[in-house]
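Counting from 121, one number per residue, gives the positions in the sequence shown under the numbering used here.
Idealized CB from N, CA, C, for every residue including glycine.
These numbers were taken from a predicted model, which means no experiment stands behind them.
Here the structure comes first, spelled out in structure tokens, and everything after it is commentary.
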Amino acid sequence: MAALPGSSSVHWFGDLYNVSDRDPADYGAIIPQRVYRSDSAQPSAAPPPDIIFPSRVSIPAAIAMPHSEFDVEHMQPVFRRTIDTRIFGGRTIKLHLEIPGFAPWCTDVHVRNVHEARTVTIAAFMWRIARAIKKWHSDHQGVPCADEESHGNVAAGPLDNIILIELRHISENSWQPVLGWRSQ
Numbered sequence: 121m122a123a124l125p126g127s128s129s130v131h132w133f134g135d136l137y138n139v140s141d142r143d144p145a146d147y148g149a150i151i152p153q154r155v156y157r158s159d160s161a162q163p164s165a166a167p168p169p170d171i172i173f174p175s176r177v178s179i180p181a182a183i184a185m186p187h188s189e190f191d192v193e194h195m196q197p198v199f200r201r202t203i204d205t206r207i208f209g210g211r212t213i214k215l216h217l218e219i220p221g222f223a224p225w226c227t228d229v230h231v232r233n234v235h236e237a238r239t240v241t242i243a244a245f246m247w248r249i250a251r252a253i254k255k256w257h258s259d260h261q262g263v264p265c266a267d268e269e270s271h272g273n274v275a276a277g278p279l280d281n282i283i284l285i286e287l288r289h290i291s292e293n294s295w296q297p298v299l300g301w302r303s304q
């Protein structure tokens, strides 16, 4: 996947490389996205912090996590860590994917059910985000990418190559995932 840093309409999430505990080898190349701008976005005094996912977790692995040998009781402590869901402002968030060459895509993701506690484990949260990204990937199989020459066609590649890196707050109750592309 070729890179075109410097394009003002595409976000390369370059600040990711300034985080000392993140190794770009863990997640490969960053999948660029258009900068999402909400017409109704009001700047907040203190936006919620980004949610950093553990390294090297592909979308299929994140989907399998709560239902496999990665059961919450037996998984690494980082996956048992919890997120206070009040930072989301409700039980659902809007997840935006703005991958060049494809139409903007948005879906609702339930961060917790009505009867769940106010916290959710990283593993359960990753599972919910990964399912949404898997849906985007399957919905775009066979869809031509209008910008394939400069960015590659993420939808045509295997889902195993897409890595969850982090989730960034972009406007009220809207979040954009930072995704990596790691060749196997």
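With a cut-off of 8 Å, do at least 3 Cβ pairs link the region 247-265 to the region 201-210? no
Using CA coordinates, which residue listed in D204, R238, A181, H257 is at the minimum distance from T227? H257
From A149, Y156, A223, L215, residue whose alpha carbon lies closest to that of V263: A223
Proximity of V229 and T212 at Cβ, strictly below 8 Å: yes
Only counting runs of 3 or more residues, tell me where the beta strand (DSSP E) segments fall wholly within the region 216-253, in order along the chain. 225-230, 239-241
Please check the pair Q153 and Q296, which I expect to be a contact at CB under 8 Å, by giving their CB distance rounded to whole angstroms. 7 Å
Can you name the start and end residues of the alpha helix (DSSP H) that I179 belongs to? 179-184
For D204, which of helix, strand or coil comes out of DSSP? strand
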